[in-house]
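Participant: Just so you know, we're using the numbering used here here: the sequence shown kicks off at 83 and counts up by one.
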Amino acid sequence: MNILTASLLKLLALLLFCVPLLAKAADAVRLSDFPTGSLGVHAAQLVEGESALGLDEALAQLQAGGFEPVATLVPDFGIGSRPVWLHLGLDNDTGVVQQRMLQAGVTWLDRLDVYVVHADGSRHAVHTGDELPNALGLTPGMGYVLPLQLPPGRSELLLRVASVDPMALPVALLTPDDYATSRLQFGYFYGFFFGFLIALGAYNLLLFIGARERSYLYYALALLSVLFCNVAYTGHGAGWLWPQSTDFQRYVILVAMVVYNVFGLLFASRFLMLAQFLPRIQRVVCWGMGIAGGGMLLAVVMGSQLLAGLLAFVSMSAFSAGMFALGVVSVWRQRPSARYFLFATFFGMLGVGLTALAVWGKIPFSMLTFHAAEIGLVIEATLLALALAHWMRQHREARYLAEQVARQDALTQLNNRRAFLEAAQPLLDTAVRHERPLSLVMMDIDHFKSINDRYGHKTGDEALVAMANMLKRLSRSSDVVARWGGEEFILLLPETDQQRAVNHAERLRRVASELRIPAGDSVLTMTASFGIKTLQPNMTLETLIEAADVQLYEAKRSGRNKVCSEPFP
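#1: Could you check the C-alpha separation between Gly136 and Trp167 for me, to the nearest Å?
#2: Do you know how far the Cα of Phe502 is from the Cα of Ala394?
#3: Buried or exposed: where does Gly147 fall if 16 or more other Cβ atoms within 10 Å of its Cβ makes it buried?
#4: Is the beta carbon of Tyr272 sitting closer than 9 Å to the one on His318?
#5: Which residue marks the beginning of the alpha helix (DSSP H) containing Ser595, and which one marks its end?
#6: Helix, strand or coil: which one does DSSP assign to Ser245?
#7: Check the Cβ-Cβ distances between Ile614 and every residue of chain E, and say whether any is below 9 Å.
#8: Does the beta-carbon of Ala440 have 16 or more other beta-carbons within 10 angstroms, so that it is buried, or is it exposed?
#9: Buried or exposed: where does Tyr301 fall if 16 or more other Cβ atoms within 10 Å of its Cβ makes it buried?
#10: Just confirm the distance between the C-beta atoms of His200 and Ser237, as a whole number of angstroms; I'd bet it's less than 8 Å.
#11: With Asp195 as the anchor, note down where its beta strand (DSSP E) starts and where it stops.
#12: When the Cα atoms are used, what is the spatial distance from Lys554 to Gly277?
#13: Identify every residue that forms a DSSP beta bridge with His206.
#14: Helix, strand or coil for Trp732, going by three-state DSSP, please let me know.
#15: Could you name the residues of the same chain whose beta carbon sits closer than 8 Å to that of Gly131, not counting the 5 residues immediately before and after it, in chain order?
#16: Using only CA atoms, which one of Val308, Met371, Ala314, Met183 lies nearest to Thr263?
#17: Identify every residue that forms a DSSP beta bridge with Asp603.
#18: Quick test of the definition: if touching needs 3 or more C-beta pairs under 8 Å, does the region 471-486 touch the region 520-536?
#19: Quick one: grab the DSSP three-state call for Lys615.
#20: Suppose the cutoff is 6 Å on Cβ atoms and the five residues either side in sequence are ignored; what does the same chain contact list for Ala505 look like?
#21: Grouping DSSP H, G and I as helix and E and B as strand, with all else coil, what is Ile445?
#22: Among the residues of its own chain, which have a CB less than 8 Å from the CB of Leu392, if the five just before and after it don't count?
#23: Any idea which residues DSSP pairs Ile527 with across the strands?
#24: Sort His209, Leu191, Gly187 by Cα distance to Tyr197 and report the nearest one.
#25: What span of residues does the alpha helix (DSSP H) with Ser412 cover, start to end?
#26: Along the chain, where does the beta strand (DSSP E) that runs through Met339 open and close?
#27: Got a sec, what are the start and stop residues for the beta strand (DSSP E) Phe179 sits in?
#28: Taking just the CA atoms, how far does Val632 sit from Ala601?
#29: Quick one: measure Cβ to Cβ for Val523 and Leu573, integer angstroms, because I've assumed they're closer than 8 Å.
#30: When you compare the CB positions of Leu347 and Phe401, do they come within less than 9 Å of one another, or not?
#31: Compare the Cα-Cα distances from Met405 to each of Thr154, Leu255, Thr464, Phe349 and report the closest residue.
#32: What's the gap between the Cα of Glu648 and the Cα of Arg589?
#33: Inspect the beta-carbon positions of Ala455 and Asn343 and report whether they are closer than 9 Å.
#34: What is the DSSP secondary structure of Asn312, counted as helix, strand or coil?
#35: By a C-beta neighbour count over all protein chains shown, 10 Å radius and 16 as the cutoff for buried, is Gln231 buried or exposed?
#36: In the structure shown, what three-state DSSP assignment does Gly435 receive?
Set out below in structure tokens:
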């Protein structure tokens, strides 16, 4: 009798539990007409109070109407939320057992408890989350995926989620085929994403090794740090690289976010040359990096995952907005390549901002907003690579122009003395090595001081420019022509013996005397004197120049407007 009474009481309790739920069967999701995507709007939620709830207590709250309908496709509760229960009624109206794959939550959830209560009162429970080693069902890129066996009739699916980090709860039921397809698609997506960042980061590291330009180093480290951050928060790290290291998993995502911010700001500071052109902003950037890095170190030492999470997401949001602001200021200041930087940081800010706000619970969570960071970062990385290439090209051009200015006479645009010596020495070495003829010509404008005194320095400059243009016009491409100083010019003539050098100098002397320079109401005419020396054995460039200068002095001493050389052998 006692056994019979006990059995009847258990049956009555089961009926009392099931009848209210069966009365709500119309609210259950039918497997024969199952919606695709996240099932948030079909679920109900309950946020725990001060004391934790067990399954029976949660079921009692469900019976008592304590659960509230979810208004979004993906419920999200931000950082530091109280544990949350989610309920979803499932109606297997197919008449046969159905297998489904439960896709729930995001990969960084601390604790995920899954309960399935069937119509016959049987229960099935799975406990997982990244606070557990080798977390069951952790599927990189997808969250937690667990197999469910659903018998005919109604089943109650309840999830309890606890996490200090931002708590987003996408829930979907997939057929095995849909799950295989989704996993393959995620594999392709992350294969491309990781491969792109690795290749771009390695390429910029090689450029840094070759060019020793720190912009390449900071950009490569920023790419690799965001790659590591993504590996961590998509679950690839906890699933493949450190499945046993639960303490490491607690902070790795948050620390990686701040490290990425620091390297990104170092790159921006170097790329935009803030220290040189915007020193006040540079100091603000340095303070920001110090506060973010020091704050995160303090949070880890204190063991405060909540503080670390708040700091990481505030830092990421400030970083995205700050990078865009730096681009705006740099465009306003007309800094080189700033437009590339602005467009790149806009997409990066948009992507990272959407993902951060979605997982923080400030905007609706969806697959698009969740993966907006990866999409934005690919666009940003591509545009920043173009910006860096454009920036380096501008720097090379600026260096080339600076070198040209350093090697070029500003007035005549001829080589200056330094450039002449650098170009002449290899030609002389070649002539000596192969025993080839080479001659040097020194030229001086006659009575140039009187030209300046009579017509003024402006006319004197015009005379120098006219003489330089004549030399450029009548010289061969292989000749080295330079302004030696003042009114003196020098010419190195490869493959030219003494007779040909004299003939060339005579031609120059004749054409120089025919030049006409307007000088107010009159016309200026000029003459020039030339000294020639042909290379002899054991001569250096210095002795060759000295010997030609001796012949020039002789031309001027003997009356000017002459070409002098040593007697022909």
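Ideal Cβ positions, reconstructed from N, Cα and C, are used throughout, including at glycine.
Facilitator: From the atom records:
#1: 10 Å
#2: 59 Å
#3: exposed
#4: yes
#5: 580-595
#6: coil
#7: Included in the structure is just one protein chain, with no chain E present.
#8: buried
#9: buried
#10: 5 Å
#11: 193-200
#12: 54 Å
#13: Val198
#14: With the chain covering only 83 through 651, there is no way to say anything about residue 732.
#15: Arg164
#16: Met183
#17: Answer is none; Asp603 lacks a bridge partner.
#18: no
#19: strand
#20: Val562
#21: coil
#22: Ile161, Gly162
#23: Ala610
#24: His209
#25: 387-414
#26: It is not in any beta strand (DSSP E) - Met339 instead sits in the alpha helix (DSSP H) that spans 328-353.
#27: It should be pointed out that residue 179 corresponds to Val in this sequence rather than to Phe. Here Val179 belongs to no beta strand (DSSP E), and DSSP marks it neither H nor E.
#28: 33 Å
#29: 4 Å
#30: yes
#31: Phe349
#32: 18 Å
#33: no
#34: helix
#35: exposed
#36: helix
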